[in-house]
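Residue numbers (this note's numbering), protein chains in the order written: chain A, 88 to 226; chain B, 317 to 436.
Where a beta carbon is used, it is the ideal one built from N, C-alpha and C, also for glycine.
Working notes for the structure below.
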Amino acid sequence: MAKSTTYSISVQASTKHLAEVRDFIAKHAKEFGFNKQDVADIQLAVDEAYTNIIKHAYKHDEKKTVDIELGYNGSMFSISLMDTGDAFDPSSYSKPDVRQKIKEKKRGGVGVYLIRKLMDDVEYHTEGSVNEIRMTKTK
Amino acid sequence: MKNFKINHREVQSYDVLELCGELDAHTASQLEDSLKRLIDQEKHQIIVNCKQLDYIASAGLGVFMAYIEDVRSLGGDIKLTNMNPKVYNVFDLLGFPSLYDILEDETDAIKKFETDEAES
């Protein structure tokens, strides 16, 4: 699909860079004209996706990198995060039962649900060694 | 980059943790350490004031999920106050308002602690 504008950054897979990634996303989402709540939603969705890659795809190996690409076309704003770690199977996730998790003193497992709630469309692809999560929100 | 800090103060018999800045997978361990320290000291009546909390991701929510049961089983609670609408929205998406006391301010949290105690 042709995109009118694209931007990309490459960041090491470390939670140290979370704030930097959020700032990058917020800057472009604002420029695109999203309202404050939408900017916050997109920031959080990308934060959760990036955190999942760090924890699950790369298992905290800070030498690995994550490529982040964002683009907008018309009223559509999309962000892709690419990694070369363990592929993620989104079908294994459902709406989290927080009450149950609290009982079991479990944390986590809520990020994927948040991403789906916050964005209009979420797709996962794996091609060769590259995994991509692509998230889209419409203005 | 240091974008998160916690101030601890005591109000009457309550321990107040004031969260400032951005709570994410990088900074969540600071909150975890603070909560653990209070629990280790047998301080179970905890108020988390979110007035200056600008941002929360699920890693931050996870800390509250992991420790609430410990605190409640010891007869205490973690009550959350002064959330801005953006932060509240994240708690709300996951159904936290029916599982945690989220109150307007510290005075309301103390009142709730007193009612809880009267009822128990």
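Residue-level contact by beta carbon holds for ALA382(B) and chain A, with a gap shorter than 7 Å. Each residue's CA atom was taken as its position, placing ASP432(B) and THR423(B) some 14 Å apart.
From the beta-carbon of GLY411(B), the residues of chain A found nearer than 7 Å are VAL185. The beta carbons of ILE166(A) and VAL133(A) sit about 6 Å from each other, so the pair counts as a contact at 8 Å. Cβ neighbours of TYR94(A) within its own chain (closer than 7 Å, five residues either side excluded): HIS115, LEU157. Close partners of ALA375(B) in chain A (Cβ separation under 7 Å): THR138. Take LYS359(B), set aside five residues on each side of it, and the residues of its chain with a beta-carbon closer than 7 Å to its own are ASP331, in chain order.
Residue environment for GLN361(B): buried (at least 16 other C-beta atoms within 10 angstroms of its C-beta). At least one C-beta of chain A is nearer than 7 Å to the C-beta of GLU385(B). The Cβ neighbour count for ALA127(A), taken over all protein chains shown within 10 Å, is at least 16; the residue is labelled buried.
Under a 10 Å Cβ-count criterion, LEU390(B) is classified as exposed, with fewer than 16 other Cβ atoms of the shown protein chains found around its own Cβ. Excluding five sequence positions before and after CYS336(B), the CB atoms of its chain that fall closer than 6 Å to its own CB belong to LYS321, GLN368, given in chain order.
Rounded to whole angstroms, the gap between the alpha carbons of THR138(A) and ASP125(A) is 20 Å. Residue state for VAL332(B) is assigned as strand, using DSSP reduced to three classes. Per DSSP, reduced to three states, the secondary structure at SER350(B) is helical. Collapsing the DSSP output to three states places TYR211(A) in a strand.
Our two residues, GLY161(A) and ILE112(A), have alpha carbons roughly 18 Å apart in a direct line. Contact check between the stretch 399 to 417 of chain B and the stretch 213 to 225 of chain A: fewer than three CB pairs, one atom from each, fall below 8 Å, which does not count as touching.
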